[in-house]
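> Residue numbers (this note's numbering): 3 to 262.
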Amino acid sequence: MPLHASSAEYALERYLADPGHLSDVVAADAPHLGDLTGLDVVHLQCHIGTDTVSLARLGGRVTGVDFSPAALAVARDLSARSATPATFVESDVEGADALLGPSFDLVYTSVGAITWLPSIARWAQVVAGLLRPGGRLYLRDAHPMLLTVDETRADGELVITHPYFERAGGQRWSDTATYAGDGEVASPDTIDFPHGLGETVQAVLDAGLQLTRLHEGDTLDWCFAPWMERLDDGTQRWRLPADRRDLVPTEFTLEAVLPG
Ligand SMILES: C[S@@+](CC[C@H](N)C(=O)[O-])C[C@H]1O[C@@H](n2cnc3c(N)ncnc32)[C@H](O)[C@@H]1O
3 MPLHASSAEY ALERYLADPG HLSDVVAADA PHLGDLTGLD VVHLQCHIGT DTVSLARLGG
63 RVTGVDFSPA ALAVARDLSA RSATPATFVE SDVEGADALL GPSFDLVYTS VGAITWLPSI
123 ARWAQVVAGL LRPGGRLYLR DAHPMLLTVD ETRADGELVI THPYFERAGG QRWSDTATYA
183 GDGEVASPDT IDFPHGLGET VQAVLDAGLQ LTRLHEGDTL DWCFAPWMER LDDGTQRWRL
243 PADRRDLVPT EFTLEAVLPG
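Written out as C-alpha cells, the structure is:
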C-alpha cells in the first residue's frame with residue numbers, strides 16, 4: 003500500500019493542490035456518468051480512494067467499499083486532507099449488499115477490480131442488492147481477452163497463454179513488482195480470477211439488470227505489458243502499438259439498470 007500511496011501513478015498530492023482534480027480513470031468515465039449531484043453512489047473496491055474522491059467531486063454522495071484496512075486508511079486521509087467528503091466502509095464485496103442494503107442510485111467499479119473476485123455471478127447479485135429500483139451499474143475494466151495474452155514476451159507478439167473463462171481456484175501469480183510505484187511489494191503471491199465477457203454480461207442479466215451499454219475499447223489505464231505505448235495526452239493511459247491495435251480489445255465498459 004505505501005508503494006501506491008507514494009506513486010507517481012496515483013499522485014495523491016494533485017487532489018490536495020487542486021480541488022477540482024479528477025483521477026484519469028474517473029475523468030475518462032465522466033462523460034458517461036454525467037452529473038452525480040444528489041445521487042447516492044457506492045464505489046466497490048475503492049482502494050486508496052482516488053476514484054472515490056473523484057466521484058464525490060462529480061457531485062455524488064459516495065461510499066467507498068474495500069476489504070483492505072490499509073487502503074482505507076489512505077483513502078480516509080485523502081478524503082479529509084482534500085476536503086472532499088466521502089464515507090469508507092471496510093467489507094468484502096461479497097458482503098456489501100447485506101451490510102449496506104439497496105441504498106444506491108449508482109454502483110461504480112473500475113480498473114483492476116473484478117479480476118480479484120472468484121465469482122462474477124455472486125458479484126452481480128451484490129450489485130443488484132445495492133441498487134434502488136431504477137439505479138444503475140457502471141463497470142469498466144481490462145478486457146478479458148487482453149488478459150489472456152502473455153505479457154512477458156519481449157517481442158510483443160500477442161500469444162494467448164492465460165485462461166479466458168472463469169475457473170474454480172483462479173490462477174496464481176508471484177511478482178514482487180506492482181502496477182503503480184517502484185520498489186518491491188511485501189506479499190508477492192496473488193490469485194486472480196478471469197471472467198469472460200459473456201460470463202460477465204450473463205451474470206448481470208441473471209441478477210435482474212437490463213443492459214444499456216457494452217463498449218469494447220483500445221486503451222487501458224495501466225501498462226499491461228512493456229510493449230504497450232503510453233498516450234501522449236498526459237494521462238495514465240496506454241494502448242497497443244498501431245500495427246496491432248485492432249487485433250484485441252484492451253478494455254470494456256458495461257452499463258446496466260435495475261428496472262424500477
Ligand atoms: C488493484 S486495486 C484497484 C482499485 C481501483 N480501480 C484503483 O485503481 O484505485 C483492487 C482493490 O480491490 C480490493 N479488493 C480485492 N478483493 C476484494 C474483495 N473481495 N472485497 C473488497 N475489496 C477487494 C483490494 O483491497 C484493492 O484495494
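Note that CB positions come from ideal geometry on N, CA and C, so glycine has one too.
Rounded to the nearest angstrom, what separates Val152 and Arg232 at their Cα positions?
Before going on, a small fix: residue 152 reads as Asp here, not Val. Approximately 19 angstroms, taken between the alpha carbons.
> Out of Ala82, Gly103, Leu74, which one is the CA nearest neighbour of Glu92?
Looking at the Cα atoms, Leu74 is the closest of the given residues.
> So does Phe69 have its beta carbon nearer than 7 angstroms to some heavy atom of ligand 1?
Yes, the Cβ of Phe69 comes within 7 angstroms of a heavy atom of ligand 1.
> Tell me where the alpha helix (DSSP H) around Ile162 begins and ends.
Careful: Ile162 lies outside any alpha helix (DSSP H) and carries neither H nor E.
> Taking the alpha carbon of Cys225 as the reference point, which residue from Val113, Val43, Pro71, Ser84 has its own alpha carbon closest?
The candidate whose alpha carbon is nearest that of Cys225 is Val113.
> Quick test of your reading: Pro251 and Asp223, contact by CB under 8 angstroms. State the CB separation rounded to the nearest angstrom.
Incorrect: roughly 14 angstroms between the Cβ atoms, too far for contact.
> Can you round the beta-carbon distance between Glu257 and Arg138 to whole angstroms, since I take them to be within the 8 angstroms contact cut?
That belief holds up - the Cβ atoms of Glu257 and Arg138 are roughly 6 angstroms apart, short of 8 angstroms.
> What separation, rounded to the nearest whole angstrom, lies between the Cα atoms of Leu199 and His145?
Roughly 8 angstroms separates the two Cα atoms.
> For Ala98 versus Leu41, is the C-beta spacing smaller than 8 angstroms?
In this structure, Leu41 does not lie closer than 8 angstroms to Ala98 by Cβ.
> Say the cut is 7 angstroms; is the CB of Ser112 nearer than that to a heavy atom of ligand 1?
Yes, since a heavy atom of ligand 1 falls inside the 7 angstroms radius drawn around the Cβ of Ser112.
> Quick check on the burial criterion: 16 or more other C-beta atoms within 10 angstroms. Buried or exposed for Phe90?
Phe90 should be labelled buried.
> From this set, Ala123, Leu148, Leu80, which residue's C-alpha is nearest Asp20's C-alpha?
For the residues Ala123, Leu148, Leu80, the minimum Cα distance to Asp20 belongs to Leu80.
> Threshold first: 4 residues or longer. Then list the alpha helix (DSSP H) segments lying entirely within the segment 28 to 69, N to C.
List check, alpha helix (DSSP H) in window: 52 to 59.
> Suppose you measure from the CA of Val64 to the CA of Leu148; what does that come to, to the nearest Å?
Between Val64 and Leu148, the C-alpha separation is close to 31 angstroms.
> Assign His217 to one of two classes, buried (16 or more other C-beta atoms within 10 Å of its C-beta) or exposed (fewer than that).
Exposed: under 16 other Cβ atoms inside 10 Å.
> Who does Gly200 pair with in a DSSP beta bridge?
Per DSSP, none; premise fails for Gly200.
> Quick one: what's got a C-beta closer than 7 angstroms to Asp26's C-beta in the same chain, skipping five residues either side?
So the qualifying residues of the chain are Asp223, Thr237, Gln238, Arg239.
> Taking only heavy atoms of ligand 1 into account, decide whether any of them is closer than 7 angstroms to the Cβ of His145.
Every heavy atom of ligand 1 is 7 angstroms or more from the Cβ of His145, so no.
> Which same chain residues, not among the five before or five after Glu201, have their C-beta less than 6 angstroms away from its C-beta?
The residues are Ile122, Glu168.
> Hey, would you say Asp111 sits closer than 8 angstroms to Leu141, going by beta carbons?
In the sequence as displayed, the identity of residue 111 is Thr instead of Asp. Going by C-beta atoms, Thr111 is nearer than 8 angstroms to Leu141.
> Going by the DSSP bridge assignment, what does Glu218 pair with across the sheet?
Phe254.
> Rounded to whole angstroms, what is the Cα-Cα separation between Pro71 and Leu119?
About 18 angstroms.
> Would Arg215 pass as a contact of Thr255 if the rule is Cβ separation under 8 angstroms?
Yes; because the gap between Cβ atoms is below 8 angstroms, this pair is in contact.
> Once DSSP output is grouped into helix, strand and coil, what is the label at Ser9?
DSSP places Ser9 in coil when its eight states are reduced to three.
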